[in-house]
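Peer 1: Dropping the structure in here first, questions after.
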Amino acid sequence: MAGDAPHVTMIPLLGALHLRYPRYNAAVVEELLNASRPQALAIEPLPAGFERQPAWRDTEELLVPWVVVPWAERRRLRAIGVYEASPDPRAQADMARYLATYPSARKALDAAAAEERPLAGLLAEALTIERVEHDILPPLARSRALRLEAFGDGPGTDWLEARAEASAERVLALGVERTTLVAAVDRFAALREALERRGANVSIPGSPHPSEAAGERALLDLAWRGEGADPGSVVARLRALGHAEARYHAANLLLANGHVAEALEELEGVLRLDFARPPFLPALVLARLGQLRDVAGRRNDALRAYRGVMALDWAPVDARDAARAGIDAPFAFAEGGEGDPTEPDLYGA
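Going left to right, the sequence shown walks through residues 9 to 357 as the numbering used here numbers them.
Here you go:
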């Protein structure tokens with residue numbers, strides 16, 4: 009009976025691009041998770057047993073460590089990774105080089121690439137989950153179909169179909185009526201089809217109503233991107249929020265606009281707050297604090313901040329690199345004067 013089929017709510021993930029979309033940002037994704045009311049959570053970008061390796065937080069899908077996993081932990085909800093890795097990355101890379109040398113193969117590759125060409129413009133627009141479903145997923149699905157027709161499911165397509173089948177099996181092996189599955193957008197369609205072939209009812213939710221949390225997240229993301237016509241106004245709004253992440257972004261905006269001493273004072277204030285969340289924040293705060301203390305001539309204090317980064321269970325790679333460099337030699341602004349020192353490019357947004 010159709011009513012007995014498991015239901016899977018799928019939420020597409022867009023990596024660092026979520027920072028650009030006020031109506032599909034981290035707060036919106038959390039609201040979608042809440043509304044889905046799952047009995048279990050499946051995480052496509054992470055492999056089974058991910059929680060045993062701290063490096064899982066380095067995934068390109070920034071909302072997984074930032075929102076998805078903490079959301080499940082707070083609810084004591086069963087969460088598993090279902091990612092299936094490429095069986096032979098070297099063979100896939102060799103095949104890609106091989107195919108590029110043959111005109112007929114290049115023609116097929118060009119046709120697939122042509123389907124994806126409009127995506128660059130679409131991704132620059134203000135997306136919602138509805139637009140992802142109707143404007144982003146179809147070109148990716150058409151490109152995938154052309155590659156599959158030309159090269160089969162093997163090294164020429166990095167075994168995407170077989171990998172999706174394996175992931176789908178893991179999702180349904182959870183054995184519950186309602187599962188929520190978060191999945192990277194480029195593997196989304198293959199996984200959805202694999203689930204449907206196994207009899208699952210699959211749906212993509214619609215956007216929730218605009219909320220205060222989503223609006224606050226949009227402001228934080230605006231500051232993170234360093235955008236906004238009036239930085240002073242953005243700083244004032246961040247200070248009004250008052251929490252650690254808001255003050256961290258306020259400090260970076262102050263720094264970017266040449267207010268070094270004020271930025272340092274702002275960051276020193278963050279230390280008196282709870283800055284354990286989001287999970288990237290402790291390392292970024294301490295790495296930036298070390299740099300500004302170095303600029304202020306407080307070398308011993310700077311070293312304490314850098315060593316604090318290195319002592320964390322996990323830190324983003326760029327924050328760790330900044331701390332290691334700061335331990336080796338005092339940080340200084342690049343020649344040309346004050347301004348924003350290199351911001352750890354945490355998620356390439």
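All residues carry an ideal CB built from backbone N, CA and C; glycine is no exception.
What number of angstroms, rounded off, separates the C-alpha of ILE137 from the C-alpha of ALA331?
Peer 2: 37 angstroms
Peer 1: What are the start and end residues of the beta strand (DSSP E) that includes HIS15?
Peer 2: 15 to 21
Peer 1: Under the three-state reduction of DSSP, which class applies to VAL210: helix, strand or coil?
Peer 2: strand
Peer 1: For VAL184, which three-state DSSP category applies?
Peer 2: coil
Peer 1: Confirm, please, whether the CB-CB distance from ALA295 to VAL317 is below 8 angstroms.
Peer 2: Cβ distance < 8 angstroms, so VAL317 and ALA295 count as in contact.
Peer 1: With DSSP collapsed to three states, give me the class of ALA192.
Peer 2: strand
Peer 1: Quick one: what's got a C-beta closer than 6 angstroms to LEU135's C-beta in the same chain, skipping five residues either side?
Peer 2: TYR29, TYR32
Peer 1: Consult DSSP for LEU49 and reduce its assignment to one of helix, strand or coil.
Peer 2: strand
Peer 1: Tell me the DSSP bridge mates of GLY160?
Peer 2: Bridge partners of GLY160: none, in fact.
Peer 1: Do TRP64 and LEU54 have their beta-carbon atoms positioned less than 8 angstroms apart in this structure?
Peer 2: yes
Peer 1: For the ligand FMN, is there a heavy atom less than 7 angstroms away from the beta-carbon of PHE196?
Peer 2: Because no ligand of any kind appears in the structure shown, any question about the ligand FMN cannot be addressed here.
Peer 1: May I ask you to list the residues that DSSP assigns as paired with GLY89?
Peer 2: ILE51
Peer 1: SER215 by DSSP, collapsed to three states: which one?
Peer 2: coil
Peer 1: To the nearest angstrom, how far is the alpha carbon of ALA337 from that of LEU199?
Peer 2: 48 angstroms
Peer 1: If distances are taken between C-alpha atoms only, which option among GLY160, ARG186, PRO147, ARG233 comes closest to PHE196?
Peer 2: PRO147
Peer 1: Rounded to whole angstroms, what is the Cα-Cα separation between GLY57 and ARG280?
Peer 2: Roughly 35 angstroms between the two C-alpha positions.
Peer 1: Can the beta-carbon of PRO213 be found less than 8 angstroms from the beta-carbon of ALA43?
Peer 2: yes
Peer 1: Sorted by chain position, which residues of the same chain lie with C-beta nearer than 6 angstroms to PRO20's C-beta, five sequence neighbours on each side aside?
Peer 2: VAL140, VAL193, PHE196
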